[in-house]
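Residue 80 in our numbering sits at position 71 of the sequence shown; the count goes up by one each step and never skips. Below is one structure, written out as structure tokens; the observations come after it.
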Amino acid sequence: MRYHSNEEDSDPMPKLIRITTAPLSLKYLLSNQMRYMHENGFEVLMVSSDGKEWPDLLANEKCPNRIIPMTRQITPFKDLVSLWRLYRLFRKEKPDIVHSHTPKAGLLAMLAAKLAGVKIRIHTIAGLRFMTATGFKKRILVFMEN
């Protein structure tokens, strides 16, 4: 595992990117986790779409963020653009770990992280949106969660 220097001291810190489709998920599903991880030896970057939750998130979590537009819906062109942006972000930031938490962010982040050469890729199932879906949409959503 590569380590990155913390500006406050010279102890090595593994670099972690936490990613969700919408900042609402960062705020409510992962509340206080990014700050805790930062305070306990990780360099943490929060990634999500734009949203009104960012000011509270930045104040509470005390970690930097990047906004990458993503939609919860299946939108092939927008999804490819988001995938490309995530890939470029991962190549630039060179994280040790990418950890995703929602279906669309999971699909895009895990693929982009693999393509960017990130060794540790984690997806945590945070919501089972497919439970109420039917037909082809349900098959796609189940595939995205697996």
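Glycine residues also receive a C-beta, built at the ideal position from the N, C-alpha and C atoms.
Going by C-alpha distance, which of the options is nearest residue i?
i: Y156; options: I26, W63, K123, E102; result: It is not possible to answer for residue 156, since the shown part of the chain is limited to 10 through 155.
i: G60; options: R44, T29, Y96, R130; result: T29
i: V107; options: I131, Y45, L66, W93; result: I131
i: P21; options: N49, M119, Y45, L33; result: N49
i: M46; options: E70, L35, K128; result: E70
i: L33; options: K87, C72, E52, T111; result: T111
i: D74; options: R44, L120, T84; result: Note that residue 74 is Asn in the sequence shown here, rather than Asp. Measuring from the Cα of N74, the nearest candidate turns out to be R44.
i: G115; options: I76, F152, Q42, C72; result: F152
Determine the extent of the beta strand (DSSP E) in which residue i is found, giving its start and end residues.
i: V53; result: 52-57
i: K24; result: 24-28
i: I134; result: Neither: I134 is in no beta strand (DSSP E) and is coded neither H nor E.
Assign residue i to one of three DSSP states: helix, strand, or coil.
i: K103; result: coil
i: S14; result: In this predicted model, S14 has a pLDDT of only 48, less than 50, meaning its place in the structure is not dependable; the value taken from the coordinates is given anyway. DSSP places S14 in strand when its eight states are reduced to three.
i: I149; result: helix
Take residue i and list the residues in its own chain whose beta-carbon comes closer than 6 Å to its own, dropping the five residues that flank it on each side.
i: T143; result: none
i: R100; result: A125
i: T133; result: H110
i: N15; result: With a pLDDT of only 48 at N15, under 50, the local geometry of the prediction cannot be trusted, and the value read off the model is given with reservation. Excluding residues within five positions, the ones whose Cβ falls inside 6 Å are M22.
Tell me the residue span of the alpha helix (DSSP H) that contains residue i.
i: G115; result: 112-125
In chain order, what residues of the same chain lie with their CB nearer than 7 Å to the CB of residue i, ignoring the 5 residues before and after it?
i: F51; result: M22, P23, L25
i: I83; result: I149
Continuous alpha helix (DSSP H) assignments of at least 4 residues falling wholly in the segment 37-86: 42-48, 63-70
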